[in-house]
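What follows is one structure encoded as structure tokens, with my remarks underneath.
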Amino acid sequence: MKKKGILLTILTSIILSSCACKKTVGNQTASLYGEWLIETAMDKSTDGGEQEATITFDTDGKINGCATVNRFFGGYTHKGDSLSFSAIGMTRMMGRTMDKEAAITQALAEASNIKIKGNTAIIMGKDKKTVMVLKRK
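Going by my numbering, the sequence shown opens with residue 4, and the numbers climb by one from there.
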């Protein structure tokens with residue numbers, strides 16, 4: 004009976020510790036997933052854009068969003084603090100807030116790292132300078 008109790012304790016410890024590890028890793032990655040408001044890009048506020056500036060990170064490594072005038076889409080890679088975007092495409096309409104849109108596309112091109120703290124994400128370039136600030140929607 005004592006051996007069964009020890010074995011049960013060991014198995015329970017293994018199961019609980021393996022679940023805890025998976026949850027921690029999952030939360031680090033999962034914290035990026037979902038829709039975010041783009042508050043600033045290249046130190047330019049997105050307030051007053053023709054449409055709300057947003058970016059959505061899907062679980063399959065794809066992004067989509069609105070850069071105040073046009074919709075954009077593409078891929079992203081996120082590991083630890085590293086973040087990069089690839090194969091970015093965009094619709095091609097003209098509008099009155101093209102300056103805000105240009106700042107967003109430049110920030111996407113320069114992105115290299117990300118720091119997520121609560122409902123705020125700061126995307127930085129290779130020089131560690133902030134290129135975009137996001138708030139969870």
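Virtual Cβ for every residue (Gly too), placed ideally from N, Cα, C.
Simplified DSSP assignment, three categories, for residue i
| i | result |
| --- | --- |
| residue 137 | strand |
| residue 131 | coil |
| residue 108 | helix |
| residue 101 | helix |
Length of the line joining the Cα atoms of residue i and residue j
| i | j | result |
| --- | --- | --- |
| residue 92 | residue 40 | 19 Å |
| residue 78 | residue 88 | 6 Å |
| residue 51 | residue 106 | 14 Å |
| residue 55 | residue 76 | 16 Å |
| residue 25 | residue 34 | In this prediction, residue 25 scores a pLDDT of 30, lower than 50, which makes its location untrustworthy; no coordinate-derived value is stated. |
| residue 116 | residue 139 | 17 Å |
Strand pairing of residue i, partner residues [DSSP]
| i | result |
| --- | --- |
| residue 36 | Note: residue 36 sits in no beta bridge, so no partner. |
| residue 119 | 124 |
| residue 67 | 59, 76 |
Outcome for residue i when other beta-carbon atoms lying within 10 angstroms are tallied against a minimum of 16
| i | result |
| --- | --- |
| residue 64 | exposed |
| residue 38 | exposed |
| residue 123 | exposed |
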